[in-house]
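Student:
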Amino acid sequence: MKIGVIGAGYVGLTTSACFAHIGHSVICVDNDEEKIRTLQNGKIPFYEPKLKHLVTKNVKSKRLKFTTKTIEAVKESVILFIAVSTPPKKTGKPNLSYVTNVAREISSTMNEYKIIVEKSTVPVKTGEKVKETINLYNKNNIPFDVASNPEFLREGSAVDDFLQPDRIVIGVESKRAKDILLELYKPINAPILVTDIKSAELIKHASNAFLAMKISFINAISVICEMSGASIEKVARGIGLDKRIGLNFLNAGVGYGGFCFPKDLKAFIQIAAELGYDFRLLKEVERINEEQKQRFFNKVAKLLPNLKNKQIGILGLSFKPNTDDIRFAPSIDIISRLQTAGAKIKAFDPYAMNNAKKIMPNIEYCKNPYQVAENSDALVIITEWDDFKKLDLNKIKKLLKRPIVVDGRNIYDPKTMGKNGFIYQSIGR
Ligand code: UGA
Numbered sequence: 004m005k006i007g008v009i010g011a012g013y014v015g016l017t018t019s020a021c022f023a024h025i026g027h028s029v030i031c032v033d034n035d036e037e038k039i040r041t042l043q044n045g046k047i048p049f050y051e052p053k054l055k056h057l058v059t060k061n062v063k064s065k066r067l068k069f070t071t072k073t074i075e076a077v078k079e080s081v082i083l084f085i086a087v088s089t090p091p092k093k094t095g096k097p098n099l100s101y102v103t104n105v106a107r108e109i110s111s112t113m114n115e116y117k118i119i120v121e122k123s124t125v126p127v128k129t130g131e132k133v134k135e136t137i138n139l140y141n142k143n144n145i146p147f148d149v150a151s152n153p154e155f156l157r158e159g160s161a162v163d164d165f166l167q168p169d170r171i172v173i174g175v176e177s178k179r180a181k182d183i184l185l186e187l188y189k190p191i192n193a194p195i196l197v198t199d200i201k202s203a204e205l206i207k208h209a210s211n212a213f214l215a216m217k218i219s220f221i222n223a224i225s226v227i228c229e230m231s232g233a234s235i236e237k238v239a240r241g242i243g244l245d246k247r248i249g250l251n252f253l254n255a256g257v258g259y260g261g262f263c264f265p266k267d268l269k270a271f272i273q274i275a276a277e278l279g280y281d282f283r284l285l286k287e288v289e290r291i292n293e294e295q296k297q298r299f300f301n302k303v304a305k306l307l308p309n310l311k312n313k314q315i316g317i318l319g320l321s322f323k324p325n326t327d328d329i330r331f332a333p334s335i336d337i338i339s340r341l342q343t344a345g346a347k348i349k350a351f352d353p354y355a356m357n358n359a360k361k362i363m364p365n366i367e368y369c370k371n372p373y374q375v376a377e378n379s380d381a382l383v384i385i386t387e388w389d390d391f392k393k394l395d396l397n398k399i400k401k402l403l404k405r406p407i408v409v410d411g412r413n414i415y416d417p418k419t420m421g422k423n424g425f426i427y428q429s430i431g432r
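Sequential numbering of the sequence shown, starting at 4, is according to this note's numbering.
1) Taking 7 Å as the cut-off, is the beta-carbon of Thr124 closer than that to any non-hydrogen atom of the ligand UGA?
2) Going by the beta-carbon positions, is the gap between Leu83 and Ile109 smaller than 8 Å?
3) In whole angstroms, what separates the C-alpha of Leu394 from that of Ile414?
4) Run through DSSP, which three-state label would Thr18 get?
5) Counting Cβ pairs, one atom from each stretch, are 3 or more of them under 8 Å apart for the stretch 57–66 and the stretch 7–25?
6) If we call anything under 8 Å between Cβ atoms a contact, is Thr386 one with Asp352?
7) By DSSP's criteria, Cys3 is part of a beta bridge. Which residues make up the other side?
8) Checking 8 Å against the spacing of the C-beta atoms, do Ile2 and Ala381 come in under that value?
9) Can you give me the start and stop residues for the beta strand (DSSP E) that Thr198 sits inside?
10) Does DSSP classify Tyr427 as helix, strand or coil?
11) What residue range does the beta strand (DSSP E) around Ser151 cover?
12) Taking 8 Å as the threshold, find out whether the stretch 282–290 comes into contact with the stretch 308–327 through three or more Cβ pairs.
13) For Tyr116, does the count of other Cβ atoms within 10 angstroms reach 16, so buried, or fall short, so exposed?
14) Are Thr17 and Ala161 close, meaning C-beta to C-beta below 8 Å?
15) Considering only residues of the stretch 247–324, which uninterrupted alpha helix (DSSP H) runs meet the minimum length of 4 residues and lie entirely inside it, listed in chain order?
16) Give a yes or no on whether the C-beta atoms belonging to Ala86 and Gly159 are separated by under 8 Å.
17) Considering only the alpha carbon of each residue, which of Val81, Lys78, Thr129 lies closest to Pro97?
18) What number of angstroms, rounded off, separates the C-alpha of Lys392 from the C-alpha of Ala332?
19) Considering only their Cβ atoms, is the gap separating Val120 from Asn152 smaller than 8 Å?
20) Between the stretch 203–220 and the stretch 396–403, do at least 3 Cβ pairs fall closer than 8 Å?
21) Going by the C-beta, is Glu154 closer than 7 Å to any heavy atom of the ligand UGA?
22) Any chance the CB of Arg157 is under 7 Å from a heavy atom of the ligand UGA?
23) In three-state DSSP terms, what is Leu99?
24) Assign Ile218 to one of three DSSP states: helix, strand, or coil.
25) Take the Cβ of Gly411 as the centre, count every other Cβ of all protein chains shown within 10 Å, and call the residue buried at 16 or more, exposed below.
26) Which residues share a DSSP beta bridge with Lys349?
27) Under the three-state reduction of DSSP, which class applies to Asp245: helix, strand or coil?
28) Measure the C-alpha to C-alpha separation of Phe262 and Ile171 and round it to an integer number of angstroms.
29) Compare the C-alpha of Ala359 against each of Gln374, Phe155, Asn378, Ser339 and name the closest.
30) Whole angstroms is fine: what's the gap from Lys189's alpha carbon to Phe155's?
31) If you compare alpha carbons, which of Ile173, Pro52, Ala255 is closest to Ile200?
32) From the DSSP output, which residues share a beta bridge with Asp380?
33) Below 8 Å CB to CB, which residues in the same chain sit around Leu310 once its five sequence neighbours on both sides are set aside?
34) Looking only at its chain, what residues have a beta carbon closer than 8 Å to the beta carbon of Lys370, apart from the 5 residues adjacent to it on each side?
35) What do you reckon, is the C-beta of Gly261 under 7 Å from a heavy atom of the ligand UGA?
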């Protein structure tokens, strides 16, 4: 099938490459000329495992093309995905102007029946707005359908999440749109849930809100574990083995980050308020998440009461492993607290340092974890990259000025660390 994807960010690019991979013909559009040039030259503007291979392979086989002109995608495709960003406004509400601009552009250039599909995360009832916009500029009364097909892609495993999803959600208003979208996803083996457009839109926000709630819940339990002497991993496993709860997303840590959960929670709280519901549960989820970062800083501050001129070594800057994304990463908050207290920061991250340098220039960036440990008063683990799980602990201990390790992701065993002579603190144990 012929597909146009407007937006070549994490979602748009992954969607484009994966649809091409399963045999469709895809035109991916972005108005950022530099980004399109980069993609046309076979380069990916961000780090995402497996994506480069898929892009290169499908560009070669001519199933995937990049352009800056929306009109090219509109002319050649039946299905048009809107995958542009919906950045938060000051109020927390998402800015939908990019979405409506694309809808306007599609509308004024469409030549025959089209399905315009919302892929970006949007508030419930955005479909109505998209439809209104299209109607406004649809001078020749070309038939069209609007649909919602939310993405559930995690950064770091977006390709696998697309090709082996837990479910596919399609929100439609007509049989025509439903049949075409079911055909589109035929090569993917997953349950498909067909709903109305508003329900599909809501499923996306509700899913992210639920996952964030699960993380804040386990982080709150980790505090009670610390206060009572219980162990968070045992408690998480004990509750997670109940199939109704599930084992996933019960890792206590320094709090969730990234460009999805913090932004989507804020947006969902706002949208609910506008509809007349005060979503206090989600406000509390946010509060616990903020508090978790403060608590983590307190652990370091307690071990090193006078942080002025102390050197703190940070391992991990990205908001989670396998991505170079540092947007709303807990590392930013924790480093800023340490710097405000007078500490000097050395840091290493396998992929995120280029992005980090742009917003945190006052850090000494290192070539590896050992350089970070050298002469540091404490080593602080913020992201659980695999590389950090197999460090030479003897070497680390010799390099550190004091044998202090504060582990925000519980990647080391407290007993082993104790035996190796470390003063070791982690989360909820
Ligand atoms: C999230 C959702 O998982 C995707 O389903 C969704 O499509 C995406 O947002 C989106 O809306 O686009 P992502 O932000 O890439 O994906 O990352 P997650 O793997 O969900 O992790 C989010 C944060 O939660 C990270 O900071 C991670 O460290 C933290 N986390 C996750 C925990 O602290 N504990 C856990 O047990 C799991």
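Idealized CB from N, CA, C, for every residue including glycine. As the structure is a prediction and not an experimental result, all values here were calculated from the model.
Tutor: Let me lay it out:
1) yes
2) yes
3) 11 Å
4) helix
5) yes
6) yes
7) Examination of residue 3 is not possible in this model, given that the chain is present from 4 through 432 alone.
8) Within the shown structure, residues of the chain are numbered from 4 to 432, placing residue 2 beyond reach of any answer.
9) 195–198
10) strand
11) 147–151
12) no
13) exposed
14) yes
15) 264–278, 283–306
16) no
17) Thr129
18) 20 Å
19) yes
20) no
21) yes
22) yes
23) coil
24) helix
25) buried
26) Gly316, Glu367
27) coil
28) 22 Å
29) Ser339
30) 18 Å
31) Ile173
32) Partner(s): none; Asp380 has no beta bridge.
33) Val303, Ala304, Leu341, Ala344, Gly345, Ala346
34) Phe351
35) yes
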